[in-house]
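Shown next, in structure tokens, is the structure this report addresses.
There are 2 protein chains.
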Amino acid sequence: MEDDLMTIRQMCDAFDVTPRTLRFYEAKELIFPRRNGQKRLYDRRDRGRLKLILRGKRFGFALEEMRQLLNLYDRGDAQEEQLTRTYEAARERLAQMERQRDELNEAIEELREQLEQGAEMMTAFRRPAA
Amino acid sequence: MEDDLMTIRQMCDAFDVTPRTLRFYEAKELIFPRRNGQKRLYDRRDRGRLKLILRGKRFGFALEEMRQLLNLYDRGDAQEEQLTRTYEAARERLAQMERQRDELNEAIEELREQLEQGAEMMTAFRRPAA
DNA sequence: CGTCGAGCTTACGTTAACGTAAAGCACTCT
DNA sequence: AGAGTGCTTTACGTTAACGTAAGCTCGACG
Chain G
1 MEDDLMTIRQ MCDAFDVTPR TLRFYEAKEL IFPRRNGQKR LYDRRDRGRL
51 KLILRGKRFG FALEEMRQLL NLYDRGDAQE EQLTRTYEAA RERLAQMERQ
101 RDELNEAIEE LREQLEQGAE MMTAFRRPAA
Chain C
1 MEDDLMTIRQ MCDAFDVTPR TLRFYEAKEL IFPRRNGQKR LYDRRDRGRL
51 KLILRGKRFG FALEEMRQLL NLYDRGDAQE EQLTRTYEAA RERLAQMERQ
101 RDELNEAIEE LREQLEQGAE MMTAFRRPAA
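Heads up: the protein sequence lines correspond to chains G and C, in order.
Mapping of the first sequence onto full-length UniProt numbering: position 3 corresponds to residue 3, and the numbering continues sequentially without gaps.
Mapping of the second sequence onto full-length UniProt numbering: position 33 corresponds to residue 33, and the numbering continues sequentially without gaps.
Structure, rendered in structure tokens:
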């Protein structure tokens, strides 16, 4: 048994992405599938990277950020500095997300207040039931 | 006293936007300043609309959405239906924002967990103090 | 008279992450 | 042979909300 390779379609089904997406990530040098003739074949490593990429996206990382983080690991020497950098990138992102959440909460509160005032206006404008 | 008009620069200073932004909003038919020769002059109504626009932006409304909402009011007949539509648009947006906040919170939690695991890895990799 | 500053118009540039043709190869089935 | 399927490459299109640059006008000021 080789390395348990998958075609592009199998990948799409497995990860719920389009072929375009996989080719795009490849063009952006985030994954490096091998070829059989001209067809792409994805191995376990490719799947691992893709999984990390998709997870990163959920966290709001841009693709370019993910590329850099992945490349840090890929030097074979996942030494302290690399790990530290990744860790710090993640902590920074976490802080960003928390700020974003706080702003969102403020906006929600503000809008909620507006709506309450609006509700009063509504009843004021409402004509007596027919 | 007329209607207490302002130049584009005064508007920019007052609302902390660029001239480009005001001209852009005008091109998109969100505000309609009058002209003195070729210079724009903004009256109280323009300022009111701009204020609503910027508030809407904070709430995450797109400009096109704001245009539609503003136009509802502008028919002179701010009747029940118009108010209702605006009210519902706002409530919908509020729901969206809450969903967005919830997703963000999930992502934050997930990332936090990852980071805790990562912290363990870090200490494992750390070599004894020099 | 020259030019300076403010404002104007027109119009292309930016950014991210793909979507969407268009056209061609490689196999397989019938 | 023809048709169909799956994959490929190349390359332009999309979206929002402006940024930015070029070139013109107009009134004021020294």
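The beta-carbon is built from N, C-alpha and C at its ideal position, and this holds for glycine as well.
Below 9 Å between beta carbons: does that hold for arginine 23 (chain G) and arginine 34 (chain G)?
-> Position 23 of the first sequence, counting from 1, holds the residue named residue 23 (chain G). Position 34 of the first sequence, counting from 1, holds the residue named residue 34 (chain G). Taking 9 Å as the Cβ cut-off, arginine 23 (chain G) and arginine 34 (chain G) do not qualify as a contacting pair.
Chain G contacts from the stretch 106-119 of chain C (Cβ-Cβ distance under 9 Å) | Glu106, Ala107, Ile108, Glu110, Leu111, Arg112, Gln114, Leu115, Gly118 and Ala119
Could you have a look at leucine 41 (chain G) and say whether DSSP puts it in helix, strand or coil?
-> Working through the first sequence from its first residue, we reach residue 41 (chain G) at position 41. Leucine 41 (chain G): strand per DSSP, three-state reduction.
Taking only beta-carbon positions, decide if residue 159 (chain C) is within less than 9 Å of chain G.
-> Nothing in the structure corresponds to residue 159 (chain C), since chain C is present only between 1 and 130.
Which listed residue (C:Leu83, C:Asp3, C:Ala90 and C:Glu64) has its alpha carbon closest to that of leucine 30 (chain C) = Against the second sequence, residue 30 (chain C) aligns to sequence position 30. The residue with the shortest Cα to Cα distance from leucine 30 (chain C) is C:Glu64.
My guess is that glutamine 100 (chain C) and leucine 104 (chain G) are in contact by the Cβ rule of under 8 Å, so how many angstroms apart are they, rounded?
-> Residue 100 (chain C) sits at position 100 when you count from the first residue of the second sequence. Residue 104 (chain G) sits at position 104 when you count from the first residue of the first sequence. Right, their Cβ atoms sit about 6 Å apart.
For methionine 97 (chain G), go through chain C and note every residue whose CB falls closer than 8 Å to its CB, in chain order.
-> The residue given as residue 97 (chain G) occupies position 97 in the first sequence. Chain C residues near methionine 97 (chain G): Leu104, Ala107, Ile108 and Leu111.
Listing by chain order, which chain C residues have their CB less than 8 Å from the CB of glycine 60 (chain G)?
-> Counting from one through the first sequence, the residue named residue 60 (chain G) turns up at place 60. Ordered by position in chain C, the residues that pass the 8 Å Cβ test against glycine 60 (chain G) are Ala107.
With 9 Å as the threshold, decide whether the Cβ of leucine 70 (chain C) is near any Cβ in chain G.
-> Translated into the one-based positions of the second sequence, residue 70 (chain C) becomes position 70. No - not a single Cβ of chain G is within 9 Å of the one on leucine 70 (chain C).
Return the CA-CA distance between aspartate 43 (chain C) and leucine 5 (chain C), expressed in angstroms with no decimal places.
-> Taking the second sequence and counting its residues from 1, one reaches residue 43 (chain C) at position 43. Taking the second sequence and counting its residues from 1, one reaches residue 5 (chain C) at position 5. Taking the straight line from one Cα to the other gives about 5 Å.
Local Cβ density within 10 Å of residue 132 (chain G), reported as buried at 16 or more and exposed below that | This structure cannot speak to residue 132 (chain G), because chain G is shown only from 1 to 130.
Aspartate 13 (chain C) lies in the alpha helix (DSSP H); which residues open and close that run?
-> Walking along the second sequence from the start, residue 13 (chain C) turns up at place 13. Its alpha helix (DSSP H) spans residues 8-15.
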